[in-house]
Amino acid sequence: MNPPVVPVLAELAGLLMKNAMPGVPEAERASDLSLSAMLLLVAGEMWDRQAHILVEENRAVRALLGETGEDADLHISALKAENDRLRAALIEAQAAAEAAGDAARQDAIWAELAASTERRKLSTAPV
Amino acid sequence: MSHPLEPRLAAYIAGKLPGATDVAVTALERISGGASRETYRFVLDWSEGGEARSRRLILRRDPPASLIDTERRVEFEAYRAFAGSSVPVPEMLWLEEGDEALDHPFFIAEEIAGYQASPQMLLSGAFDAVLPMLAERKWTILGEIAKADPAPLARWMEAPPLDGCWKRELDHWEALIDKDQAEPLPVTRAAIRWLRANPPPPAQKLSIVHGDYRTGNFLFDEAGQIHGVLDWEMSHLGDPLEDLGWSLQPIWSFGRAGQAGGLCSPADAVAIWERASGLKADPKALHWWTLFNCVKGQGIWVGSAAAFNRGGNRAPIMIYPAWWLINAQDRAMLQLMGKL
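Protein chains in written order, with our numbering: chain A, 1 to 127; chain B, 1 to 340.
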């Protein structure tokens, strides 16, 4: 998730405290609270899935890149850092496959990219 | 309780109305949304020639950091270019480019009151009977924008060569993604490589490009009429197919898969646009511009996340587009490239 969930929740906590005080214009309070509620729903939806998504995706991309290993540190931040490293390498691998005209490898990478968007899809997503 | 901006705004407007006395601003309230500008509505009361007067107005002020960083002068002049035309726009009143009056640059415009803009409301089912009429109006107006003479805006906007429109836009949005991305974006990078390898033909003409012409950025009524086209902050001169492609990109279906803007089939939208503009939408060129607009959308969503991550703007409106749309935008690109 970008921005990361932890700083977003901290920001929302501050916003809720601000809106609990008197003197906030009603329209701004309504806007802040309705948007905060929608963000909390998204954060809740991702809470149980996030680590699983990252572990599964990291495993799939390692296989495509010919790397071995498993995620040992299961903090979301650690999984995400590894995911970023792997997906940056995947960009290079895909560009190289295009330059080489390697259709089978391109297909395999496209299949993983499509699968990654299925894993990450929100229930309310427009696409 | 009055809003702290009210007396400052009244003082500013009083300076612009030398014949007015008793200038007062009341009922100032921020309108929800507005990730690129802070938007407020308010009531202006004043006396002139012994008569009491009142008008509902809009204040659009730059935020500390924006989802998209654009010149308010360009937006102001784009609105003015269509004043009195078949493209309905609110009347622009004053532009202030300094920080002294209200801390950030802003402009003040007429409020077109009494109509709706919310796509969620439009697509809730209550308006289904008038969606075909709205689609007709929506893409007819976009055709009118494409057809309009861009010359009045050449003073404020760079005019690219016809064969350079695509490259200027792609370079611009790729550079923003380079600057703002917080994580690798493999699908977006693959789309950019494809766009560079398969450029579109030169533009048929140079047009005014609204830049954000989508469901949600116009004011509609229950009869299916459109009363105002809003949010011109990304307007520029370029290929008219750019706007058509933005209006067709899958994100703006709002979950109504296969429906352009949630309103009608893409083929119907293109036919309406061609009829109104007198231009042709070559399918291959339009595909290029629709995919390009997915990249542009991703540039906007990662830009909003970057504004939050850097601390420049911590408002919830900066988070929601990023969380809701970055993956959805990737899926839209995959669909257009035939990979999903």
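All C-beta atoms, glycine included, are put in the ideal place defined by N, C-alpha and C.
- Within the region 49–136 of chain B, complete alpha helix (DSSP H) segments of at least 4 residues are found at 72–81, 119–122, given in chain order.
- For G245/B, same chain residues with a beta-carbon under 7 Å away, outside a window of 5 residues either side, are L286, W289, T290, F292, N293 in chain order.
- For G255/B, the closest Cβ of chain A is nearer than 9 Å.
- Note on the region 236–297 of chain B: whole alpha helix (DSSP H) runs with a minimum of 4 residues are 240–248, 266–277, in chain order.
- The beta carbon of W110/A falls within 9 Å of a beta carbon belonging to chain B, placing the residue at that interface.
- Judged by DSSP secondary structure, L74/A falls outside any beta strand (DSSP E); it is assigned neither H nor E.
- According to the DSSP assignment, G228/B belongs to the beta strand (DSSP E) that extends over 226–229.
- The region 169–179 of chain B makes no contact with the region 115–127 of chain B: fewer than 3 CB pairs, one atom from each, lie closer than 8 Å.
- Taking C-alpha positions only, E56/A is separated from N327/B by approximately 17 Å.
- Out of I91/A, G101/A, A103/A, the CA that lies nearest to the CA of E183/B is found in I91/A.
- D32, L35, S36, M38, L39, V42: these are the residues of the region 32–57 of chain A whose beta carbon lies less than 7 Å from some beta carbon of chain B, given in chain order.
- Restricted to the region 303–330 of chain B, not a single beta strand (DSSP E) segment is unbroken, complete and at least 3 residues in length.
- Listed as beta-bridge partners of V8/A by DSSP are no residues whatsoever.
- At a cut-off of 9 Å between C-beta atoms, R87/A counts as an interface residue with respect to chain B.
- For K339/B, the chain A residues whose Cβ falls inside 8 Å of its Cβ are W110, L113, A114, in order along the chain.
- Residue environment: H3/B is assigned as buried (16 or more neighbouring CB atoms within 10 Å of its CB, all protein chains considered).
- For V24/A, no alpha helix (DSSP H) segment is defined, and its DSSP state is neither H nor E.
- Where V23/B is concerned, the enclosing beta strand (DSSP E) starts and stops at 20–30.
- Pairing L86/A with E70/A gives a Cβ-Cβ distance that is not under 9 Å.
- Under the 10 Å beta carbon count, H210/B is surrounded by 16 or more other beta carbons and is classified as buried.
- In this structure, the alpha-carbon of S265/B lies about 20 Å from that of E144/B.
- If you look at V209/B, you'll find it in the beta strand (DSSP E) that goes 207–209.
- Here DSSP, grouped into helix, strand and coil, assigns L219/B to strand.
- At the C-beta level, R214/B and L123/B stay beyond 9 Å of one another.
- A distance below 9 Å separates the beta carbons of R37/B and R72/B.
- Residues of chain B with a Cβ closer than 9 Å to the Cβ of A125/A are, in chain order, G255, W324, L325, N327, A328, R331.
- According to the DSSP assignment, Y12/B belongs to the alpha helix (DSSP H) that extends over 5–16.
- Shown here for S85/B: not one same chain residue has a beta carbon closer than 6 Å to its own, the five before and five after excluded.
- Three or more Cβ pairs drawn from the region 49–58 of chain B and the region 96–111 of chain B lie within less than 8 Å of each other, which places the two stretches in contact.
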